[in-house]
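Residue numbers (this note's numbering): 2 to 673.
Ideal Cβ positions, reconstructed from N, Cα and C, are used throughout, including at glycine.
Okay, so here's the structure we're looking at.
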């Protein structure tokens, strides 16, 4: 029925378009017409995907109940902190003595801390219990949305297993080519591990040459991200192009005869795609491999190989195989960067000319960096909330080392020349330390930068109109871009004024910690057992503080309440006052109940907006309601599960007033 409706809609639209094309002479506006048609097909495709009643597929494993699942490992497993994660493809679901063919992807996490698990490889088949759960949405504001990220990869469920629950079968599934490529990469990674002693240098080498990112630490990633050189750690068009240059030079002797020339073309394309498969088949690598293959073939057939044509055709091929790839961040940034190189690089490069060879090369690298950055920075600040100010200096610094490292790394992989391992490692350490120094310079990075989707939709066309206005000398485009920037500035000013007037309490949802933020203007006082440098703080809490433009953070541990006795951070009645196990914040009163109240009674029947119970105190629930008037009762993770369950289920005494800081969405109390 759905397919019939779409077919009739397209048929009816074709008749209308054919009539209007002639009667209204729209063929005089070919560019606008083409743009309208492209947008129509885009929205029609999106409508078909997201409104299909069989989406996900009707044979998806979640559509039927099952006792166990038959899966095979669909990518390379990665281990971190005793947990092994991999994507699994479902081939069948089973009940007692019966297997039913099924489909779908599942994110699997195996706890190997107590019982180590070895030999997990791509293509291996297992039986697992069907205890999967939906992937949850982010619980805290500003937190990374893993649900949407995995949904774009068509993964909607996850499962946590012990090693005993993985039952191996004597089968192999998946692509034989991909299995061979992953085994080859694993062998080369192990070869790097033997030759390179420094852990940081080894991780960068494996990532730079082979696309193996499992061993990269947070500090290394931060140094590359803060200097605008993160593209060097993602096997991309630059890496594939360097491979192509090596192959072209090495096989140049085959240009003598036509037969050898065609053999050379086939060999180069085969080797480029082999490297693409080995490096992990990311969106940027696939884009580069397709474009290079088309470029090689167009040269062989003496055809026009315009950059935008190759770019559009490669995007069509990738989106035809996987339409959801459009929402992949790597896909978006890769194509925007190449668009910047094709459109802006010739114009920027022509602005300056130098006599000296060294200056010409430096200006060429600078113009490339500027071209790519001008097209990608709106999406970069939207997704990553930072902008590297020294990106030109950083890219100039790594240009030569990255090229030498790629060639040396490939030589180590292909040839038995271990003697270059020492200079290879030295150059890796030199590059890493240099980028760390640049990242440590004052004002190296603008962060945090938070813009909304609507602000991004103003920023992108504004940049486009200003660029086309300057490049094509069109005043209308320039004025239009400036108008959009003025409107955008008004929205940003409104966000800033709103942040200055905020008075908010945020109750964060954490599994092993507790955190409540008392926010006024650009200041936040945190009652938490975390500190800003903790990983849990940076992942779960810091994004929401950055989003609210917080510049000052004070962290207080619960244990320090009795030590300090009284804390007054703001001098007026609407500020934050901590006194006698009570918090007063903007006329919101909280009683802090812990073991201090075990042998004490509360008199006077005081009124509080909330009672925060911490550390499982031996306070009787019935007396708590009788002696205190309160609206809400808060329970953090320091309380025993039994106490939390008793209070949650006690609907007579507490009714619907209980909030637990765990496995539920964070609560936000807006005080005006």
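Where residue 613 is concerned, the enclosing beta strand (DSSP E) starts and stops at 608-614. Separation of residue 578 and residue 489 (C-alpha to C-alpha, rounded to the nearest whole angstrom) is 38 Å. DSSP, read as helix, strand or coil, puts residue 155 in coil. Ranked by Cα distance from residue 519, the first of 587, 486 and 547 is 587. Taking a C-beta distance under 9 Å as the contact criterion, residue 601 and residue 631 do not qualify as a contact pair.
Ranked by Cα distance from residue 393, the options 384, 379 and 375 are led by 375.
Of all alpha-carbon atoms in 65, 146 and 198, the one lying nearest the alpha-carbon of residue 666 is that of 146. Counting only the Cα atoms, residue 276 lies some 10 Å from residue 210. In the three-state DSSP reduction, residue 662 falls in the coil class, being neither helix nor strand.
A buried status is given to residue 635, since no fewer than 16 other beta-carbon atoms sit within 10 Å of its beta-carbon. Annotation: the continuous beta strand (DSSP E) that includes residue 93 extends over 84-96.
Minimum Cα-Cα distance from residue 291 among the listed residues 196, 300, 314 and 143 corresponds to 314. About 5 Å separates the beta carbon of residue 325 from that of residue 153, a gap short enough to meet the 8 Å contact definition. Boundaries of the beta strand (DSSP E) harbouring residue 71: 69-74, taken from the DSSP string.
Ranked by how close their Cα comes to the Cα of residue 139, the residues 151, 133, 131 and 128 have 151 in first place.
Counting C-beta pairs with one atom in each stretch, the segment 376-389 and the segment 437-455 have three or more that are closer than 8 Å, which means they touch. Counting every other CB atom within 10 Å of its CB across the protein chains shown gives residue 595 a total of 16 or more, marking it as buried. Residue 555 places its beta carbon 9 Å or farther from that of residue 672. Close CB contacts of residue 272 within its chain, under the 8 Å cut and outside five residues either way in sequence, are with 244 and 248 (chain order). It is roughly 13 Å from the alpha-carbon of residue 198 to the alpha-carbon of residue 419. In this structure, DSSP gives residue 126 an extended state, which the three-state scheme calls strand.
Rounded to the nearest angstrom, the gap between the Cα atoms of residue 68 and residue 109 is 17 Å.
Around the beta carbon of residue 468, 16 or more other beta carbons sit within 10 angstroms, so the residue counts as buried.
Going by DSSP, residue 580 is part of the beta strand (DSSP E) stretching over 577-580. Annotated three-state conformation of residue 396 is helix, per DSSP.
Beta-bridge annotation (DSSP): residue 61 is paired with 104.
Separation of residue 509 and residue 318 (C-alpha to C-alpha, rounded to the nearest whole angstrom) is 43 Å. Taking one beta carbon from each stretch, the segment 123-134 and the segment 176-186 have 3 or more pairs nearer than 8 Å; the two touch.
Residue 396 counts as buried, since no fewer than 16 other beta carbons sit within 10 angstroms of its beta carbon. If you draw a straight line from the Cα of residue 350 to the Cα of residue 242, it is about 20 Å long. Taking the Cα of residue 75 as reference, the smallest distance to any Cα among 162, 62, 173 and 36 is reached at 173. For residue 583, the three-state secondary structure derived from DSSP is strand.
Within the same chain, 211 and 414 come within 7 Å of residue 189 by CB-CB distance, once the 5 residues on both sides are set aside. Distance from the CA atom of residue 452 to the CA atom of residue 117, rounded to whole angstroms, is 44 Å. In this structure, residue 129 and residue 70 form a Cβ contact; the two beta carbons are roughly 5 Å apart against a cut-off of 8 Å. Residue range 668-671 is occupied by the beta strand (DSSP E) that includes residue 671.
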